[in-house]
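*Asks:* The sequence shown begins at 1 in UniProt numbering and counts up one residue at a time. For every residue, glycine included, the Cβ atom is placed at its ideal position computed from N, Cα and C. Shown below is the structure under consideration.
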Amino acid sequence: MPENKGQPRFPHHPHDKGYRQLLADKRVFLELLKTFVREEWVAAIDENDLILVNKSYVLQDFSEKEADVVYRLKTRDKNVIFYILLELQSTVDYLMPFRLLLYMVEIWREIYNNTPQGERESKNFRLPPIIPAVLYNGANNWTAELSFKEMLDGYQNFSGHLLDFRYLLFDVNRYSEEELVKAANVIASIFLLDQKAKPEKLMIRLQKLAGAIKTMTPEEFRHITTWLRHVIKPKMPTGIQAKVDCILDANKPWEVEQMISNLEIALDEMRQEILLQGKLEGKLEGKLEGKLEGKLEGKREVARNLLLLNVDIDTIIKATGLAPEEINALKKQLEQ
Numbered sequence: 001m002p003e004n005k006g007q008p009r010f011p012h013h014p015h016d017k018g019y020r021q022l023l024a025d026k027r028v029f030l031e032l033l034k035t036f037v038r039e040e041w042v043a044a045i046d047e048n049d050l051i052l053v054n055k056s057y058v059l060q061d062f063s064e065k066e067a068d069v070v071y072r073l074k075t076r077d078k079n080v081i082f083y084i085l086l087e088l089q090s091t092v093d094y095l096m097p098f099r100l101l102l103y104m105v106e107i108w109r110e111i112y113n114n115t116p117q118g119e120r121e122s123k124n125f126r127l128p129p130i131i132p133a134v135l136y137n138g139a140n141n142w143t144a145e146l147s148f149k150e151m152l153d154g155y156q157n158f159s160g161h162l163l164d165f166r167y168l169l170f171d172v173n174r175y176s177e178e179e180l181v182k183a184a185n186v187i188a189s190i191f192l193l194d195q196k197a198k199p200e201k202l203m204i205r206l207q208k209l210a211g212a213i214k215t216m217t218p219e220e221f222r223h224i225t226t227w228l229r230h231v232i233k234p235k236m237p238t239g240i241q242a243k244v245d246c247i248l249d250a251n252k253p254w255e256v257e258q259m260i261s262n263l264e265i266a267l268d269e270m271r272q273e274i275l276l277q278g279k280l281e282g283k284l285e286g287k288l289e290g291k292l293e294g295k296l297e298g299k300r301e302v303a304r305n306l307l308l309l310n311v312d313i314d315t316i317i318k319a320t321g322l323a324p325e326e327i328n329a330l331k332k333q334l335e336q
C-alpha cells in the first residue's frame with residue numbers, strides 16, 4: 001500500500017474530525033490498542049513500526065457521516081493494516097460488518113493494483129491482514145453483529161466455507177469512569193470527557209483527571225485542550241466562548257487545577273446569564289399574556305353590551321371576533 005498517497009476526505013461533523021486528528025497521533029493510536037484491546041499481539045507493537053496511511057477509504061455515500069483512520073504496521077516479519085471506522089452517529093448501523101468488508105476489499109484491491117505483476121502472480125504473494133475496528137460514541141448500546149458471518153442467512157449450515165471476520169469495538173459510553181481514570185492517558189481521558197454529560201459533570205470529570213493531566217507532555221496536553229474546545233465551548237453562550245479559548249490557551253499541564261477553576265467560573269457565568277435571560281423572557285411573556293387577556297376581556301364586554309341590546313349573535317360574532325360558543329356562554333350568564 002503506498003503511504004501518503006492522496007488526501008483523506010475529512011468529515012463535515014467537527015466531532016468526527018476531532019477523533020480523526022486525535023488518532024492521527026501514533027502515540028494516541030497505540031494507547032487506544034494497548035488500553036482497550038486485551039490480546040497478546042498488542043504488547044508486541046512498537047510505535048516506530050506504525051505508519052499512518054494518509055488516505056480515506058470511506059465510500060462517497062457515507063463521506064458526510066463518518067471518517068476512518070488507517071495504520072500500517074510494517075516490520076521485517078509483519079505487514080498488518082489497522083482500519084478504524086469512526087461511527088459517531090446517534091443510531092446503530094446494523095450493516096456495519098458488510099460496510100467494513102467493502103472498505104477492506106478496497107484496501108486489498110489497491111494493494112493488488114500497486115504490486116508489480118510478476119510479484120503478485122508469485123506463489124509467495126500474500127495480502128496483508130486487516131484488523132477492522134469501529135469507534136462508536138452513541139448513547140444507545142451497540143447492538144449490531146460483531147462478526148461478518150452473522151449477517152449471512154443460514155450461516156450455521158455452511159460455516160466452514162464462508163468468509164468471516166470479527167471487528168474490534170471501542171464503545172466510548174460503555175467504559176466505566178473508574179476504568180478510564182485509572183488508565184491515566186490521553187485516549188482514556190478523551191473518552192471520559194466525550195461520554196454524555198452536562199457541563200457541570202464534565203468539570204467533575206476533569207478534576208478526577210487532573211493528576212494524569214499534570215504529567216502529560218505539552219503535545220498530550222494540547223490534545224486535551226483541543227478536545228475541550230469541541231466538547232465544552234460549543235455548549236456555552238457566544239460571549240463566554242472567547243473566554244474559554246483564553247483559559248485553554250493560557251494554561252500548561254502543571255496548571256491544570258487553575259484551568260479547571262477558571263472553566264468553572266466561566267460555567268457559573270454561563271448559568272447566571274441563562275438564569276437572567278430566563279427571568280427576562282418570563283417578564284416579557286407575562287406582559288404579553290396580560291395584554292392579550294386584556295384585549296379578550298374587552299371583546300367580551302362589548303359582546304355583553306350587544307347582547308343586552310338584543311343584537312343577533314351573527315352580528316356580535318362579526319363585531320368582536322369571538323366564537324359562537326363563547327357568546328352563547330356569555331348569554332347564559334346574563335340570563336341567570
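For R76 and D49, I'd like the C-alpha separation in whole angstroms.
*Replies:* Residue mapping note: residue 76 aligns to position 76 of the sequence shown, counting from 1. Residue mapping note: residue 49 aligns to position 49 of the sequence shown, counting from 1. For R76 and D49, the distance between alpha carbons rounds to 10 Å.
*Asks:* Starting from N113, trace the alpha helix (DSSP H) in both directions and tell me its first and last residue.
*Replies:* As a first step, residue 113 must be located in the sequence shown, where it is residue number 113. Taken as a continuous stretch (DSSP letters only), the alpha helix (DSSP H) holding N113 covers 96–113.
*Asks:* With a 10 Å radius around its C-beta and 16 neighbouring C-beta atoms as the bar for buried, classify I204 as buried or exposed.
*Replies:* What you label residue 204 is simply residue 204 of the sequence shown in a count that begins at 1. Under the 10 Å beta carbon count, I204 is surrounded by fewer than 16 other beta carbons and is classified as exposed.
*Asks:* Who are the near neighbours of T225 in its chain, counting only those whose CB is closer than 6 Å to its CB and skipping five residues on each side?
*Replies:* The residue given as residue 225 occupies position 225 in the sequence shown. Same-chain partners within the cutoff: L248.
*Asks:* Under a three-way DSSP split, which group does S159 fall into?
*Replies:* The sequence position of residue 159 within the sequence shown is 159, counting from 1. It is helical.
*Asks:* Given this structure, state the Cα-to-Cα distance separating V302 from T320, to the nearest angstrom.
*Replies:* Here the question's residue 302 lines up with position 302 in the sequence shown. Here the question's residue 320 lines up with position 320 in the sequence shown. Taking the straight line joining both Cα atoms gives about 7 Å.
*Asks:* Considering only C-alpha positions, which residue in the set R120, L228, I111, L152 is nearest to H161?
*Replies:* Along the sequence shown, read from residue 1 onward, the residue named residue 161 stands at position 161. For H161, the closest C-alpha among the options R120, L228, I111, L152 is that of L152.
*Asks:* Helix, strand or coil: how does DSSP classify E31 here?
*Replies:* For the purposes of this step, residue 31 is taken as the residue at position 31 of the sequence shown. Looking at E31 - three-state DSSP - the assignment turns out to be helix.
*Asks:* Pick out whichever of I232, N185, L193 has its Cα sitting closest to the Cα of E220.
*Replies:* Your numbering for residue 220 matches position 220 in the sequence shown. Nearest of I232, N185, L193 to E220, Cα basis: N185.
*Asks:* Just how far apart, CA to CA, sit L33 and Y167?
*Replies:* If you number the sequence shown from 1, residue 33 lands on position 33. If you number the sequence shown from 1, residue 167 lands on position 167. Approximately 13 Å, taken between the alpha carbons.
*Asks:* Where does residue 389 land, buried or exposed, given buried means 16+ other C-beta within 10 angstroms?
*Replies:* Shown here, the chain extends from 1 to 336; a query on residue 389 therefore has no answer.
*Asks:* Exposed or buried, L95, counting other C-beta atoms within 10 Å across all chains shown (16 or more means buried)?
*Replies:* Here residue 95 refers to the residue found at position 95 of the sequence shown. Counting every other CB atom within 10 Å of its CB across the protein chains shown gives L95 a total below 16, marking it as exposed.
*Asks:* For N79, which three-state DSSP category applies?
*Replies:* Here residue 79 refers to the residue found at position 79 when the sequence shown is read from its first residue. Three-state DSSP puts N79 in a strand.
*Asks:* With 16 other CB atoms within 10 Å as the buried threshold, where does E3 fall?
*Replies:* Counting from 1 along the sequence shown, the entry for residue 3 is found at position 3. Caution applies to E3, whose pLDDT of 42 falls short of 50 and renders its modelled position unreliable; the model cannot decide the point.
*Asks:* To the nearest angstrom, how far is the alpha carbon of I51 from that of I81?
*Replies:* The residue given as residue 51 occupies position 51 in the sequence shown. The residue given as residue 81 occupies position 81 in the sequence shown. For I51 and I81, the distance between alpha carbons rounds to 9 Å.
*Asks:* Would you kindly check if the distance between the Cβ of F170 and the Cβ of L135 is under 8 Å?
*Replies:* Translated into positions along the sequence shown, residue 135 becomes position 135. Translated into positions along the sequence shown, residue 170 becomes position 170. For L135 and F170, yes; Cβs fall inside 8 Å.
*Asks:* Out of L193, Y155, A183, L163, state which residue places its alpha-carbon closest to the alpha-carbon of N173.
*Replies:* Counting from 1 along the sequence shown, the entry for residue 173 is found at position 173. With distances taken between Cα atoms, N173 lies closest to L193.
*Asks:* Pick out whichever of L334, R300, K332, Q333 has its Cα sitting closest to the Cα of K318.
*Replies:* The residue given as residue 318 occupies position 318 in the sequence shown. When only C-alpha atoms are compared, the closest one is R300.
*Asks:* R38 by DSSP, collapsed to three states: which one?
*Replies:* Taking the sequence shown and counting its residues from 1, the one referred to as residue 38 is at position 38. DSSP places R38 in coil when its eight states are reduced to three.
*Asks:* What are the complete beta strand (DSSP E) segments, minimum 3 residues, inside the segment 148–193?
*Replies:* 168–171
*Asks:* Take the Cβ of E39 as the centre, count every other Cβ of all protein chains shown within 10 Å, and call the residue buried at 16 or more, exposed below.
*Replies:* To locate residue 39, count along the sequence shown from 1; it is residue 39. Result: exposed.
*Asks:* Use the C-beta contact count for P116: other C-beta atoms within 10 angstroms, 16 or more gives buried, fewer gives exposed.
*Replies:* By one-based count along the sequence shown, residue 116 stands at place 116. Result: exposed.
*Asks:* According to DSSP, is A43 part of a helix, a strand, or is it coil?
*Replies:* Counting from 1 along the sequence shown, the entry for residue 43 is found at position 43. Reduced to three states, the DSSP call for A43 is helix.
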